Amino acid sequence: AQKITQTQPGMFVQEKEAVTLDCTYDTSDQSYGLFWYKQPSSGEMIFLIYQGSYDEQNATEGRYSLNFQKARKSANLVISASQLGDSAMYFCAMRGGAGNMLTFGGGTRLMVKP
Amino acid sequence: DAGVIQSPRHEVTEMGQEVTLRCKPISGHNSLFWYRQTMMRGLELLIYFNNNVPIDDSGMPEDRFSAKMPNASFSTLKIQPSEPRDSAVYFCASKELPGYNEQFFGPGTRLTVL
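Protein chains in written order, with my numbering: chain A, 62 to 175; chain B, 8 to 121.
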């Protein structure tokens with residue numbers, strides 16, 4: 062069974078500062094993928110970034126980067142230069158093995174202060 | 008390009024009534040997923056299809072729920088009879104096969120059962 066844990070139910074960050082959202086996972090699969098999604102107050106789920114378990118480099122997409130530490134089974138999302146529009150729920154998710162299914166964590170609500 | 012389309016966006020119904028949620032995946036995507044999101048349980052995968060065939064329906068809560076995918080461009084999730092505890096946001100998502108790429112989510116249907 063796979064499990065995703067996001068231990069921070071809510072976080073505040075000052076505008077223009079960087080913030081790290083934590084995600085730890087548990088799986089027995091050797092090959093897996095890790096995803097981060099953003100859910101603003103409007104409700105849609107927006108894909109942000111993906112990291113494969115065999116990728117040697119940490120994934121980056123613009124202001125988003127994924128701090129992947131395989132031995133510690135963590136896949137933290139780093140948002141640089143926070144903007145007010147970054148205020149949202151953030152979900153970490155994992156796809157195990159060759160399957161298609163995603164298991165989601167409970168989410169972290171990020172609030173960016175002006 | 009049109010994203011995943013869901014209808015209706017909002018549904019209010021009375022307990023005992025039949026509810027049908029609809030989804031049109033992104034053209035060319037051959038894997039489709041139905042999720043349910045509640046405050047208590049977070050995001051749960053209900054069922055997913057590959058090439059119109061149901062692959063895993065272990066997340067379907069009970070026999071009152073059923074899902075079909077009669078063709079590559081249409082899927083339905085039906086609840087009959089509906090109960091107040093079915094109130095949630097229901098998301099449809101799609102992705103391409105094969106590949107370890109991301110799922111694209113629709114805007115969701117907010118269901119309220121009175």
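Note that the Cβ used here is the ideal one computed from N, Cα and C, for glycine as well. If you're wondering where the values come from, they're calculated on a predicted model, not measured in any experiment.
- Under the DSSP assignment, Leu84 (chain B) falls in the beta strand (DSSP E) whose first and last residues are 81 to 86.
- Its chain contains Thr27, Arg29, Lys75 as the residues whose beta carbon lies nearer than 6 Å to that of Thr83 (chain B), once the 5 sequence neighbours on both sides are disregarded; these appear in chain order.
- Within the same chain, and ignoring the five residues on either side of Ile107 (chain A) in sequence, the residues whose Cβ sits closer than 8 Å to its Cβ are Tyr98, Lys99, Gln100, Pro101.
- By the CB criterion at 8 Å, Ala120 (chain A) and Ser126 (chain A) fall inside the cutoff.
- Within the same chain, Tyr111, Ala154 come within 6 Å of Phe96 (chain A) by CB-CB distance, once the 5 residues on both sides are set aside.
- Ile86 (chain B) and Phe72 (chain B) do touch by the CB rule: their CB atoms are close to 6 Å apart, below 8 Å.
- In the structure shown, Gly157 (chain A) falls within a strand segment according to DSSP collapsed to helix, strand and coil.
- In chain order, Phe98, Phe112 make up the part of chain B whose C-beta sits under 7 Å from the C-beta of Met106 (chain A).
- When rounded, the separation of the alpha-carbon atoms in Gln118 (chain A) and Val74 (chain A) is 27 Å.
- Contact note: Asn57 (chain B) reaches chain A through Asn161, using a C-beta cutoff of 8 Å and chain order.
- When secondary structure is reduced to three states using DSSP, Arg170 (chain A) falls in the strand class.
- Under the DSSP assignment, Val19 (chain B) falls in the beta strand (DSSP E) whose first and last residues are 17 to 20.
- The CB of Gly115 (chain B) comes closer than 9 Å to the CB of Gly104, Glu105, Met106 in chain A, given here in chain order.
- Residue-level contact by beta carbon holds for Asp63 (chain B) and chain A, with a gap shorter than 8 Å.
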